[in-house]
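Engineer: 55 is the number of the first residue of the sequence shown in our numbering; add one for each residue after it. From the three backbone atoms N, C-alpha and C, an ideal C-beta is built for every residue, glycine too. Quick one: this structure, given as structure tokens, is what I'll be asking you about.
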Amino acid sequence: MTVHVPRRPYVDALPGIPTIRVFEALACGIPLVSAPWRDDEDLFDEGTDFLVARDGDEMKRQLNALRNDPELARSVAQSGRRRVLEQHTCAHRVDELLAILRRIGARAATGG
55 MTVHVPRRPY
65 VDALPGIPTI
75 RVFEALACGI
85 PLVSAPWRDD
95 EDLFDEGTDF
105 LVARDGDEMK
115 RQLNALRNDP
125 ELARSVAQSG
135 RRRVLEQHTC
145 AHRVDELLAI
155 LRRIGARAAT
165 GG
């Protein structure tokens with residue numbers, strides 16, 4: 055398991071966007087416990103793809119739950135990895151970029 059606590063400057067500058075650490079942990083199939091962050095784009099399912107801890111006591115409880123319940127750890131790890139592979143690979147980002155470029159090109163071609 056791993057813990058994610060984003061630095062304050064990152065949280066303040068880019069609210070609603072997870073750091074790359076979230077994607078790295080989930081892509082590796084590591085159960086993740088994270089400090090809260092706003093998932094404005096509905097990228098992941100809190101409680102299914104990763105666990106959240108709002109304070110130190112909750113962090114201890116979440117980490118102990120993962121340590122003491124191998125099925126929970128396995129389930130969280132598998133769900134997070136599956137989500138990354140289904141929606142957040144480099145190939146997905148290329149497709150999104152190409153779609154944006156097509157829209158821009160279509161507007162440019164029509165004078166819009």
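How long is the line joining the alpha carbons of residue 59 and residue 133, rounded to whole angstroms?
Structural biologist: Going from the Cα of residue 59 to the Cα of residue 133 covers about 20 angstroms.
Engineer: Please check the pair residue 70 and residue 94, which I expect to be a contact at CB under 8 angstroms, by giving their CB distance rounded to whole angstroms.
Structural biologist: The Cβ separation is near 3 angstroms, so the contact holds.
Engineer: Could you check what DSSP says for residue 95 in three-state terms: helix, strand or coil?
Structural biologist: Coil at residue 95, not helix or strand.
Engineer: Checking the sheet assignment: what are the DSSP bridge partners for residue 104?
Structural biologist: DSSP output for residue 104 lists 100 as bridge partner(s).
Engineer: Let me check one thing: in DSSP terms, what residues is residue 57 bridge-paired to?
Structural biologist: DSSP, once it has assigned bridges, lists 87 as partnering residue 57.
Engineer: Just reading off the alpha helix (DSSP H) that residue 124 is part of, what are its end residues?
Structural biologist: That run of the alpha helix (DSSP H) goes 124-141.
Engineer: With a threshold of 16 other CB atoms inside 10 Å of the CB of residue 67, please say whether the residue is buried or exposed.
Structural biologist: Exposed is the call here.
Engineer: Under the assumption that residue 142 contacts residue 77 (Cβ atoms under 8 angstroms), give the Cβ distance between them as a whole number of angstroms.
Structural biologist: Yes, they are in contact, since the Cβ atoms of residue 142 and residue 77 sit about 6 angstroms apart, within 8 angstroms.
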